[in-house]
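Visitor: The sequence shown: position 95 = 103 (our numbering), numbered continuously.
Think of the CB as a built atom: it goes at the ideal place given N, C-alpha and C, for glycine as much as any other residue.
Model, not experiment: these values are computed from the prediction.
One structure is given below, represented as structure tokens, and several questions about it will come after.
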Amino acid sequence: MTAEERSSTMPEDPKILRESEERIPGSSTPSMDADKELAAPGEQQPADDPTSKNQQRLDRFKALQARAKSAAKSNLKETAAESQRLKTDPTLLNSISRKHAFASHNLLKADIEASGEDFERKRAWDWTIDESEKWDRRMEKKQKHRDDVAFQDWRQDAHKNYKRQLRRMEPNLDAYETQKADAVMRAAANGGLDLVEGEDGELVAVDKNGTFYSTADSIEFAQNRPDRAAVDRLVADLQKAEEIRLKKRRERGLGEDDADVTYINDKNKRFNQKLARFYNKYTAEIRDSFERGTMI
């Protein structure tokens, strides 16, 4: 065996190998490269470092604490606002707003009159003619409605009911025009009408014997047969009126089954209730004596 063969078969000494690599410039091993990467400045530490894990957990915990604190403050603020809203009476706010507007109006009026000017004339400077006319019509309509609401007599009450029913009525004008055209064509076919074309091309129906158009003595309206929808609408309107009448009747007699009847009409009933509200505590003994029959 030659010296070259012995050198190739002999195991290499690690110490000698490291010394040789250190002497050779530019040579390195994977383990040395890994050590250099760990020692490189500005590089991140490994994820399995206990110190880094603890710091991340602490940062997350602080962020959660700040979020919980902010949510608690927001909830407390919203709760206080809701509690204040529930304590506040809306009707009281409206009353305060009306009183404030009324006081501002009176103060402005007093200041203008103190300066020797006309309040209505000066206030009208801020309005146009159209706005002024609309306001006058609105006030007139409001006053008229106020006068109509109060009960005056049965004739006026029936007239109000009739006008209300007219507002709810929905006439079918298309069906009316169709029925009218059919009636004209039937009368023309029977010879009761003559269709004459005018100079402008418009057809004019001429009643030859005076039987087509209704008069004071006509009874053809009694032969009219309304459709099913109109009958159902009439029945629904009658049922609604009956329900309103029964409801008002129940309201008038509410709580009066066991009570004594001490009135002759609704106005007298309200008057007696007002008297009882002020004087019942003083006349309780006298009324009890009357009921027992011991009062002379």
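Nearest-angstrom Cα distance between Arg257 and Gln151?
Guide: Going from the Cα of Arg257 to the Cα of Gln151 covers about 29 Å.
Visitor: Does DSSP put Asp67 in a helix, in a strand, or in coil?
Guide: helix
Visitor: For Thr291, collect the residues of the same chain with a Cβ closer than 7 Å to its Cβ; drop the 5 residues on either side in sequence, then sort them by chain order.
Guide: none
Visitor: Between the C-alpha atoms of Asp134 and Asn114, what's the straight-line distance to the nearest angstrom?
Guide: Straight across, the Cα-Cα distance linking Asp134 with Asn114 is about 17 Å.
Visitor: Report the three-state DSSP secondary structure of Glu125 (helix, strand or coil).
Guide: coil
Visitor: Just checking my contact of Ala213 with Leu201 at CB under 8 Å: how many whole Å lie between their CB atoms?
Guide: 5 Å
Visitor: Specify the secondary structure class of Val269 as computed by DSSP and reduced to three states.
Guide: Val269 carries a coil assignment under DSSP once its states are collapsed to helix, strand and coil.
Visitor: Report yes if the CB atom of Tyr287 is closer than 8 Å to the CB atom of Asn280, and no otherwise.
Guide: Tyr287 is not a Cβ neighbour of Asn280, given a cutoff of 8 Å.
Visitor: Measuring alpha carbon to alpha carbon, tell me which residue in Asn232, Leu174, Asp165, Asp57 is nearest Gln187.
Guide: For Gln187, the closest alpha carbon among the candidates Asn232, Leu174, Asp165, Asp57 is that of Asn232.
Visitor: Ala195: buried (16+ other C-beta within 10 angstroms of its C-beta) or exposed?
Guide: With 16 or more Cβ atoms within 10 Å of its Cβ, Ala195 is classed as buried.
Visitor: Alpha carbons only, please: which of Ala249, Arg68, Gly124 is nearest the one belonging to Asn169?
Guide: Ala249
Visitor: Go to Glu299, then tell me how far its alpha helix (DSSP H) extends in each direction, as first and last residue.
Guide: 274-300
Visitor: Could you give the residue range of the alpha helix (DSSP H) that holds Glu251?
Guide: 236-260
Visitor: What residue range does the alpha helix (DSSP H) around Ala132 cover?
Guide: Per DSSP, Ala132 belongs to no alpha helix (DSSP H) and is neither H nor E.
Visitor: If you run the structure through DSSP and keep just helix, strand and coil, what is Glu178?
Guide: In the three-state reduction of the DSSP assignment, Glu178 falls in the coil class.
Visitor: Under the DSSP definition of a beta bridge, which residues are partnered with Glu205?
Guide: Leu211
Visitor: Could you work out which residue in Glu178, Met177, Leu203, Pro179 is closest to Ala189 when comparing CA atoms only?
Guide: Leu203
Visitor: Tell me whether Ser4 sits in a helix, a strand or coil according to DSSP, three-state version.
Guide: Nothing in the structure corresponds to residue 4, since the chain is present only between 9 and 304.
Visitor: Could you have a look at Asn83 and say whether DSSP puts it in helix, strand or coil?
Guide: The answer is helix: DSSP assigns Asn83 an H, G or I state.
Visitor: Please look up how many angstroms separate the CB atoms of Lys117 and Phe127, rounded, as I've assumed it's under 8 Å.
Guide: 5 Å
Visitor: What three-state label does DSSP hand Thr96 in the structure shown?
Guide: coil
Visitor: Kindly list the residues whose CB is nearer than 6 Å to the CB of Leu211, restricted to its own chain and excluding five residues on each side of it in sequence; keep chain order.
Guide: Leu203, Glu205
Visitor: Less than 8 Å between the C-beta atoms of Ile120 and Lys130, yes or no?
Guide: yes
Visitor: DSSP on Phe110, reduced to helix/strand/coil?
Guide: helix
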